[in-house]
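Peer 1: Sequential numbering from 1 applies to the sequence shown in full-length UniProt numbering.
What follows is a single structure, and I will ask about it in a moment.
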Amino acid sequence: MSDINDQYDPYFQCYNAVKSDPLYYYCGEYTTIKEISQSGIYSDNCLSGMKILDLGCGSGRTIAHLFEKGASEAVGLDLSPHMVEDAIRFLTEIGIPQDKFLIKQANCFSSAELYNALPLEQYSEHFDAITAQYLHCYAENLDKLTESFLVSNKWLKRDGVLCFTAPNPKIATEFEYFQELAETRNFFLQFKSLTHSKEQIPKEKLAFNNLETGKELFSVSTFLYQINHFREALNRGGFELISAKGLEMNPNSGLNLDDDRNILRVGEYSDGYSFKAKNNSI
1 MSDINDQYDP YFQCYNAVKS DPLYYYCGEY TTIKEISQSG IYSDNCLSGM KILDLGCGSG
61 RTIAHLFEKG ASEAVGLDLS PHMVEDAIRF LTEIGIPQDK FLIKQANCFS SAELYNALPL
121 EQYSEHFDAI TAQYLHCYAE NLDKLTESFL VSNKWLKRDG VLCFTAPNPK IATEFEYFQE
181 LAETRNFFLQ FKSLTHSKEQ IPKEKLAFNN LETGKELFSV STFLYQINHF REALNRGGFE
241 LISAKGLEMN PNSGLNLDDD RNILRVGEYS DGYSFKAKNN SI
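Right, here's the structure in full:
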């Protein structure tokens, strides 16, 4: 696991700059919260009383949003020890009681690490919903995807839902928005280069460069899974895919949809897709 940490932990340097962008909050998280709420509506206390697990929780911003909407308990897992530390610090600083949340380190595509972090003796059928923001694109193959879904199925209540976001392969080459965002932060540049093979799932390189020196800070590889790939892995993991759709934008966000940069973030041509699944045994 140490090798994997060495590869991904530097992401901490740039993660919060991307995650703090309002479009992330008003699109990905907004859509996810709508999908997991019992009413299907994004509103005050729409997650009231719910116990939610956020996979790939990063520095805890999504978990804070879940509590803002009434969640009674939230657990987060992330591969990066720096992000785990930052999430605990952030949630404590904004006043979330420490008995309401748990943040632990784990590789979300390793059943052994997942069960070690959240043992079935305590967490079997525990959560009302499981969420993940742009996590599953880091799974190296369908077997790893399936492994994650199998564990999630055991943690989820029988009437619970799994909702996650992932890149939209249709517009994977449209990365100018991220370049613009990076330049406004004044310390890195994000870009993507795609590799395609008929035998393999399309793969992209995500690299962050220092704007002043041009030196690459780090890079990671992500995979552009199609809807049928997710459906197959979900079925193998004990889930039924209910919906797959482009992200929505909170109508109260105050953001201008006429902005060319913003329009890519919603609907059919959204840069991300929202996937919702339920236990197929129900």
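Note that the Cβ used here is the ideal one computed from N, Cα and C, for glycine as well.
Suppose contacts are defined by Cβ-Cβ distances below 9 Å. Is S148 in contact with G237 by that definition?
Peer 2: For S148 and G237, yes; Cβs fall inside 9 Å.
Peer 1: With H, G and I counted as helix, E and B as strand and the rest as coil, what does DSSP make of D271?
Peer 2: In the structure shown, D271 sits in coil (DSSP, three-state: anything other than H, G, I, E or B).
Peer 1: In the structure shown, what three-state DSSP assignment does G28 receive?
Peer 2: Helix at G28.
Peer 1: Apart from the five residues just before and just after I41, which ones in its own chain have a Cβ nearer than 8 Å to its Cβ?
Peer 2: Contacts found: K34.
Peer 1: Return helix, strand or coil for L77, following the three-state DSSP convention.
Peer 2: Of the three classes helix, strand and coil, the one that applies to L77 here is strand, per DSSP.
Peer 1: To the nearest angstrom, how far is the alpha carbon of Q38 from that of G58?
Peer 2: Roughly 25 Å between the two C-alpha positions.
Peer 1: In this structure, what does DSSP give as the bridge partners for G246?
Peer 2: Beta-bridge pairing links G246 to Y273.
Peer 1: Return helix, strand or coil for E216, following the three-state DSSP convention.
Peer 2: Three-state DSSP puts E216 in a strand.
Peer 1: Would you list, in sequence order, the uninterrupted alpha helix (DSSP H) runs of no fewer than 4 residues that lie entirely inside the UniProt domain "Methyltransferase" (48-183)?
Peer 2: The UniProt domain "Methyltransferase" (48-183) contains these whole alpha helix (DSSP H) runs: 61-68, 81-93, 111-117, 120-123 and 142-155.
Peer 1: Looking at the secondary structure, which residues open and close the alpha helix (DSSP H) in which I41 lies?
Peer 2: No alpha helix (DSSP H) contains I41, which DSSP labels as neither H nor E.
Peer 1: Kindly identify the DSSP beta-bridge partner or partners of F239.
Peer 2: Bridge partners of F239: N279.
Peer 1: With 16 other CB atoms within 10 Å as the buried threshold, where does I52 fall?
Peer 2: Per the 10 Å Cβ criterion, buried.
Peer 1: To the nearest angstrom, how far is it from the Cα of G56 to the Cα of A64?
Peer 2: Between G56 and A64, the C-alpha separation is close to 14 Å.
Peer 1: Straight-line CA distance for N279 to S221?
Peer 2: Taking the straight line from one Cα to the other gives about 30 Å.
Peer 1: Taking Cβ positions, are F164 and L118 nearer each other than 9 Å?
Peer 2: Taking 9 Å as the Cβ cut-off, F164 and L118 do not qualify as a contacting pair.
Peer 1: Hey, L224 and I201 are a contact pair by Cβ (cut 8 Å); roughly how many whole angstroms apart?
Peer 2: Right, their Cβ atoms sit about 7 Å apart.
Peer 1: Beta-carbon within less than 8 Å of C137's beta-carbon, same chain only, minus the 5 sequence neighbours each way: which residues are those?
Peer 2: Cβ neighbours of C137 beyond the five flanking positions: A166, P167, T222, F223, L224 and Y225.
Peer 1: Check whether chain C comes within 9 Å of E212, counting only Cβ atoms and requiring the distance to be less than that.
Peer 2: Protein chains in the displayed structure number just one, and chain C is not present.
Peer 1: Classify L145: buried if its beta carbon has 16 or more other beta carbons within 10 angstroms, exposed otherwise.
Peer 2: L145 comes out buried.
Peer 1: Using C-beta distances below 6 Å, list every residue in its chain close to N45, excluding the 5 sequence neighbours before and after it, in chain order.
Peer 2: Cβ neighbours of N45 beyond the five flanking positions: G70.
Peer 1: Looking only at its own chain, which residues have a Cβ that is under 7 Å from the Cβ of L241, when we skip the five neighbours before and after it?
Peer 2: The residues are F230, R231, L234, F275 and A277.
Peer 1: Determine the contact status of L77 and D54, defining contact as a CB-CB distance below 9 Å.
Peer 2: Contact flag set, yes.
Peer 1: Just to confirm, is the Cβ distance from T62 to L247 under 9 Å?
Peer 2: Taking 9 Å as the Cβ cut-off, T62 and L247 do not qualify as a contacting pair.
Peer 1: Can you give the Cα-Cα distance for L102 and A74, rounded to whole angstroms?
Peer 2: Cα to Cα, L102 sits roughly 7 Å from A74.
Peer 1: Work out the CA separation of S243 and S219 for me, nearest whole Å.
Peer 2: Computed Cα separation, rounded: 31 Å.
Peer 1: For L142 and N228, I'd like the C-alpha separation in whole angstroms.
Peer 2: Each residue's Cα considered, the two are about 11 Å apart.
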